[in-house]
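Numbering (the working numbering), first residue to last: 1 to 751.
Here's the structure we're looking at; comments come further down.
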Amino acid sequence: MHRLATTLLIAAALPATSARAEMRMPFADPDGIAPGVRSGSTSDGSTMSVTAAGASIARTNADRAGEVINALDYTTLTAAANRAASTGRPLRLPAGSYSYLSGPYLTIAADVIVEPGAVLSCGSNNLQFTGTVTAGPSRIFADGCTPGFYAAPRQREVSPEWWGAIGDSTGAVGSGTDSTSAILAAINSGASTIRLCGSCTYRTTATLSVTRSNWNFLGASRDSTRFIFDDPTATADWLSVGGHAGGIRIADISVARAQAATAGALIHLTDSYYVRIDSNAIGGANAWNGIAIDGASYNPNQIYIERNQISDGKNSGIYLYGGTLATRPADIIIENHNYIKGWVKGIEHKGYGDGIFVNQNIIFKNGWSLYFDYNGGTKNINSSKIRGNDLDSNTNGAFFNGFDASHFQQNWFATGGPLVCTNCNGIVGDGNNFAGGTSGLTLNGSSNINFTGNVFSGMASPVKINDAGSTNSRYISITGSTFAFGTGYFVTFTGSPSYVTLGVQSDNNVSGVATGGASHLTVLGPQSSNNQNNNPYSSILYGQSNSISKPNSGAGGFGNNVNCYGCFATGQYNNAIGTISRLGGYQAGDDGLNGADCWASGSPGPDSLGGSGLAMTCQHVLRQVSTSTSPVRLTSNQAAAGSANCVNLPNNAHMQLELRVSGRDTSSAGNWADWAATGVNALDRGASAAATTYSGAFSTATAAQASAGAGSAASLQVTADTSNGCLDVSVTAPNTNAWRWVAYVRRVKVQ
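Shown next as structure tokens:
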């Protein structure tokens, strides 16, 4: 027995369902009759068959002919189909022409075996199969014959070659068979899978427009199953899926255009849901958009794009558009090693969007790697994640406008433009690496931004925080950062950013952390020597467990409390609560005074955290102007004496002081007066301000100790102010010219 005949007979000896289940695309007859044998001549020269036990038994032609229904034995296709269904036998269509052009809707329930050369003509949608159809990869349906497979659950797949498709194009314009109608017929047949040829190139000339759900469009591999779109308009979509269709997979193909396009996408999904596009090669130099996703009446959602090569087109590799909230793309997952290269915009999103996930892709050498723009500035691209992508050598970087409540995580931004976020809100960025290029991160008019644990290296001035028109950037935290092998300030401010926190470890000891103006600025981490020279509105915080609760202040060291405007404390456990004060050492305080400069090395007696300011030295500057010959009082802010501007003591405190006073006539040159008391001068305050006493120099009006011109007639008197519990330094000018008076007080305080 010949090997082929033996193999086929073995298949015939198995139960029919088992034989079929093992054969996805049988190219020989599964009923045991060798190819070429027709009805009336069933013998292949053998009278033997093999049993399940392996023994050979004799079989007659009648035995074999009774196992199938041959269409040539019946006058009509309907009769043959009905006979096959009633007997439960397969229906064989030997080579020849078969026709069912009119008549009632015909359902062929039997399994059908189509031999090479058999072609069926039917009307449009007047025929359906509910069994299986087994055929080789050649035409079996005439033009216009569109039978349905919707009710054939055991029909695993169909081939577009059944409708006359031929993959014979070279890829050039006009080369090969136009397979457009054949491929559409296969898709619209209702079969669950359209199985495409391998090592072939299909040519199509018009859009494959589809509105059905639940189908797979599968090639052999993206290197061997190819499509060339020979579109003379250069503006059409190649495959357009509409009609709110879902449950679709497109895999293992490559598609490119023959003409240089000016519009259109190779794959365009409108209102689609649960679509998977994977393992394809999409694009080429003539493509406009690779994949486009938008909504017309519904929001497209659950679209999975993975492991594709999307490269070298003219506009966007992947284009998303949401014209309204109701039609916005949502839950679009672009992940798992897509390679997106050579576009103006690698991935572009215009308009509304919600849940756009771009994860673990290589987006390389595009103009923009990512370009997400809400077209109007309102924050309506929401709840998205950009994670684990290699965004390398993209000329302009990545751009986001109106990006809201989203996350950048563990991306590599390298050798290109910056990540630009304009009008963004509620953005978290962590673990990203910004390498090379001229800038890493730019924020324009953005708020509630938190970038933590990011690396910046090899670039100039990596972070820029700006206004966007009249909208200032605010509530921004960029901490836990490193900045290495770069130049310029870590952050550059323009406009009026506010409420900014910065933290960076940097090897740049020249420029420092920030330049420009930002109000309510907090800087964490070690600083260079000239840090904040250009930040007059900044607050600086470094070390551990420090607290700043007023703007334009700073603290460094451990456990310092700064609760005053324009104050600074360094060291440990110092307490600043006045205004424009400076504290240092250990447990110094300013007693709530204006302009105090105090230093301490701890508290007397038991070392207590509550002892700030109990033992310290301070210095103060008092000032006043006069234009009369009446006495004027010198205070730290030139205002009337009060509880914080005249070297006030707390209750039950004592100080010894040195005092120097100078005055100058600004109306007439050559008039001045000076006093100095370097001996023992003391101010003591008991249980209240009324119990304040002074002992020392100038307790009575005293003429200038050194003077010139009219200054010799000026006088100074120092007394205790029992209303405010402080020092009363008063001067009487010699004339009504404009005099300026300044006093320097240095004291030792014990409490």
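Glycine included, each C-beta is placed from N, C-alpha and C at the ideal position.
This one's a predicted model, so the numbers in the text were calculated from it and none came from an experiment.
Of Leu266, Gln717 and Ala285, the smallest CA-CA separation from Gly696 is found for Gln717.
Arg212 is positioned such that its CB atom lies no closer than 9 Å to that of Ala185. Judged by DSSP in its simplified three-state form, Trp288 adopts coil rather than helix or strand. Its chain contains Thr207, Gly264, Ala265 and His268 as the residues whose beta carbon lies nearer than 6 Å to that of Asp237, once the 5 sequence neighbours on both sides are disregarded; these appear in chain order. Of the candidates Asn411, Tyr352 and Gly585, the residue whose Cα lies closest to the Cα of Ile293 is Tyr352. Its chain contains Gly219, Ala220, Ser221, Ser224 and Thr225 as the residues whose beta carbon lies nearer than 8 Å to that of Gly198, once the 5 sequence neighbours on both sides are disregarded; these appear in chain order. Straight-line measurement puts the Cα of Leu634 at about 23 Å from the Cα of Trp599.
Runs of alpha helix (DSSP H) with 4 or more residues, each lying fully within the segment 411-474, are absent.
Inter-residue distance for Cys145 and Leu72 is about 20 Å (C-alpha atoms, whole angstroms). Looking at Cys646, Ile580, Tyr586 and Tyr100, the one whose alpha-carbon comes closest to that of Asn574 is Tyr586. Your pair Asn359 and Arg387 checks out as a contact, with CB atoms roughly 5 Å apart and the cut at 8 Å. In the DSSP assignment, Leu184 falls within the alpha helix (DSSP H) that extends over Thr180 to Ile187.
Between the segment 656-676 and the segment 636-646, the count of Cβ pairs shorter than 8 Å is below three; the stretches do not touch. The criterion of a C-beta distance shorter than 9 Å is satisfied by Thr692 and Leu649. Within the model, the alpha-carbon separation for Ser473 versus Thr501 is close to 12 Å. Val455 sits close to Ser481, with the two beta carbons spaced by under 9 Å. For Asn82, the uninterrupted alpha helix (DSSP H) run begins and ends at Leu77 to Thr87, by DSSP. Excluding sequence positions up to five before and after Thr570, its CB lies within less than 6 Å of the CB of Gly556, Gly557 and Gly584, all in the same chain and listed in chain order.
According to DSSP, residue pairing for Ala569 in a beta bridge involves Ala555 and Leu583. Counting the other CB atoms within 10 Å of its CB gives Thr579 a total of 16 or more, which places it among the buried residues.
Going by DSSP, Asn216 is part of the beta strand (DSSP E) stretching over Trp215 to Leu218. The shortest CA-to-CA distance from Val344 to any of Asn366, Gly323, Thr324 and His337 is the one to Asn366. Check the Cα spacing between Asn737 and each of Gly663, Val513, Asn401 and Tyr374: the tightest is with Gly663. Under the three-state reduction of DSSP output, Ala95 falls in the coil class, being neither helix nor strand. Going by DSSP, Trp672 is part of the beta strand (DSSP E) stretching over Trp672 to Arg685. Collapsing the DSSP output to three states places Glu161 in a helix. The beta carbons of Thr415 and Ser393 sit about 5 Å from each other, so the pair counts as a contact at 8 Å. The beta-bridge partner set that DSSP reports for Gly503 consists of Leu524. Put simply, the backbone Cα of Gly440 is about 32 Å away from that of Asp278. Here Leu196 is buried: its Cβ has 16 or more other Cβ atoms, across all protein chains shown, within 10 Å. DSSP places Val210 in the uninterrupted beta strand (DSSP E) bounded by Leu208 to Val210. Per the coordinates, the alpha-carbon of Tyr105 lies some 52 Å from the alpha-carbon of Leu370. The residue from Asp430, Pro147 and Phe434 with its alpha-carbon nearest to that of Ile449 is Asp430. Looking only at Asn382, Arg747 and Leu391, the smallest Cα-Cα distance to Asn338 is reached by Leu391. DSSP places Leu266 inside the beta strand (DSSP E), whose first and last residues are Ala265 to Thr270. Leaving aside the five residues that flank Tyr321 on each side, the residues in its chain whose CB is nearer than 7 Å to its CB run, in chain order, Asp294, Lys350 and Gly351.
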